[in-house]
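J.: Would you mind keeping the following structure in view while I ask a few things?
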Amino acid sequence: MILAYFVYLYLTKQIKMKILLLSCMTIALVSCQSKNKEEGNAPNITTAETAKTAQKEVNDYGKQVKGHYDKKEDAWISEDPFYESVYFNGSDFESVRRLVDNEDEPNMGLIDKQGKIVVATKYEGISIGFTNGFCQVGLGHNWGIVDDKGKEILPPIYSDIQAEKDGIFRISKDNKYGFADKTGKILVPPTYESVSYAGEGLFFFMKAPAQWGVKNFKEEVIVQPEFTNTGEFVNGKTVVQKKDGQDYVVYANGNVVKK
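Sequential numbering from -18 applies to the sequence shown in my numbering.
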């Protein structure tokens, strides 16, 4: 009986040791898996996303598209397998598409009658030709500006861009308005309900409907918002009205005189 009891104790001890060993191995395995996930050693499931992010931006500005100009058809007949032929229809420029495998890739630019790419084919929309040396380009529902040297002056992040005099652009973003110049410098961030360029470095800003004031591009108030309409400064003055229906002469220095 005594011998049987010692045998029982020995076997019980061996079983407990095996259970403890298996428990340690399980804990170690779980710990390693967790560490791998934390350190990014888990299976790579973002390869496609990484490749898409790493894709180089197209810049084919200045590229000569192989082909010839057909005077009768007023068309550039492309012999380049990566560009389509285009018809100018009397214009000096026309939109051109770069042929791509991915239909979601922006591939529109501008080409001239010599077959030269004058705006890189990396947009989804484009105005035909240049106005005062500038062309509007689009991505999605937004717009930007490219100059006739192929430089992107304003990125296509604005819902609307309007060219003003003096090389000024009125820009709109998130239903707010501001101004930029022809170098792409933001003169007035788009934070106003509405603005109107007034010339001579001044602009009207709207505080509320029919309440317009005047500021300079430093956003310093020249005249408080007390006018019902806007105007354009010529030789340092403009004429606008107040709620009383009377005309007032507003001077660029801030003086207001009833006409």
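Even for Gly, the Cβ is constructed at its ideal location relative to N, Cα and C.
1. State yes or no: is the C-beta of T219 within less than 7 Å of the C-beta of G212?
2. Just the C-alpha distance for V285 and D228, rounded to the nearest angstrom, thanks.
3. If you reduce the DSSP assignment to three classes, tell me which class K240 lands in.
4. Less than 7 Å separating the beta-carbons of I149 and L135?
5. Relative to the C-alpha of G114, which residue among D129, G121 and E105 is closest?
6. Considering only C-alpha positions, which residue in the set N70, S177, R79 and A161 is nearest to K44?
7. Express the C-alpha separation of N123 and G48 in angstroms, rounding to a whole number.
8. Helix, strand or coil for G148? Go by DSSP, reduced to three states.
9. To the nearest angstrom, how far is it from the Cα of V221 to the Cα of Y158?
10. Quick check: what's the CA-CA separation for D55 versus E65?
11. Can you give me the start and stop residues for the beta strand (DSSP E) that D93 sits inside?
12. If we ignore side chains and look at the alpha-carbon of each, how far apart do I107 and E75 end up?
13. Taking Cβ to Cβ, would you say A101 is nearer than 7 Å to D41?
14. Using 8 Å for Cβ pairs, my map puts I209 next to A233. What's the rounded Cβ distance?
15. With DSSP as the reference, identify every bridge partner of H49, one or two as the case may be.
T.: Answer, in terms of the structure:
1. A contact, by the Cβ cut-off of 7 Å.
2. Absent from the model: residue 285. The displayed extent of the chain is -18 to 240, so no value can be given.
3. K240 falls in the coil class under three-state DSSP.
4. In terms of Cβ geometry, I149 and L135 do not form a close pair [threshold 7 Å].
5. Of the candidates D129, G121 and E105, the one whose C-alpha sits nearest the C-alpha of G114 is D129.
6. Residue R79 is the option with its Cα nearest to K44.
7. Looking at the two C-alpha atoms, the distance is approximately 32 Å.
8. Three-state result, G148: helix.
9. Each residue's alpha carbon lies about 21 Å from the other.
10. Whole-angstrom Cα-Cα distance: 15 Å.
11. According to the DSSP assignment, D93 belongs to the beta strand (DSSP E) that extends over M89 to D93.
12. One C-alpha to the other measures close to 9 Å.
13. Yes.
14. Here residue 209 is Thr; the residue named in the question, Ile, does not match the sequence. Cβ-Cβ separation between T209 and A233: approximately 20 Å, too far for a contact (criterion under 8 Å).
15. Bridge partners of H49: I58.
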